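Quick note on numbering: the sequence shown equals residues 35 to 101 in the numbering used here.
These notes concern the structure reproduced below.
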Amino acid sequence: MGVIKVIEVIASSNKSFDEATRNAVKEAAKSVKNIKSVYIKEMKAKVENNDIVSYAVNAKISFMVGD
35 MGVIKVIEVI ASSNKSFDEA TRNAVKEAAK SVKNIKSVYI KEMKAKVENN DIVSYAVNAK
95 ISFMVGD
């Protein structure tokens with residue numbers, strides 16, 4: 035029987051919130067295995083000259099540890 039752990043990561047993209055979420059999972063996968071889900075806790079966009087220049091997400095990533 036395994037245990038689910040949760041880590042919180044912040045990731046960004048200059049294209050979209052979707053890509054920022056994918057970046058969060060991709061980076062987390064470099065140090066943890068068995069990722070099961072991602073929950074977006076917060077979304078934020080940076081604006082310059084009335085245009086969005088970057089997107090960021092605060093993501094909770096769940097993964098299985100143990101058996």
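Backbone N, C-alpha and C define an ideal beta-carbon position, used for all residues, glycine too.
Predicted, not measured: the structure shown is a model, and the values here were computed from it.
Q. Are there 16 or more other CB atoms within 10 angstroms of the CB of residue 89, so buried, or fewer, so exposed?
A. By the neighbour-count rule (16 or more Cβ atoms within 10 Å), residue 89 is buried.
Q.
So residue 70 and residue 97 are supposed to be a Cβ contact under 8 Å. How far apart are they, rounded?
A. Sure, about 6 Å apart at Cβ, within 8 Å.
Q: Tell me whether residue 94 counts as near the ligand FAD, meaning its Cβ is closer than 7 Å to at least one heavy atom of that ligand.
A: With respect to the ligand FAD, the structure shown offers nothing to examine, as it has no ligands at all.
**Q.** Rounded C-alpha distance that separates residue 61 from residue 83
**A.** Rounded to the nearest angstrom, the gap between the Cα atoms of residue 61 and residue 83 is 30 Å.
Q) For the beta strand (DSSP E) that contains residue 80, what are its first and last residues? A) Segment 69 to 82, the beta strand (DSSP E) holding residue 80.
Q: Give the C-beta separation of residue 95 and residue 81 to the nearest angstrom, bearing in mind that I take them to be a contact with Cβ-Cβ under 8 Å.
A: In fact, because the Cβ distance is near 27 Å, the residues do not count as touching under 8 Å.
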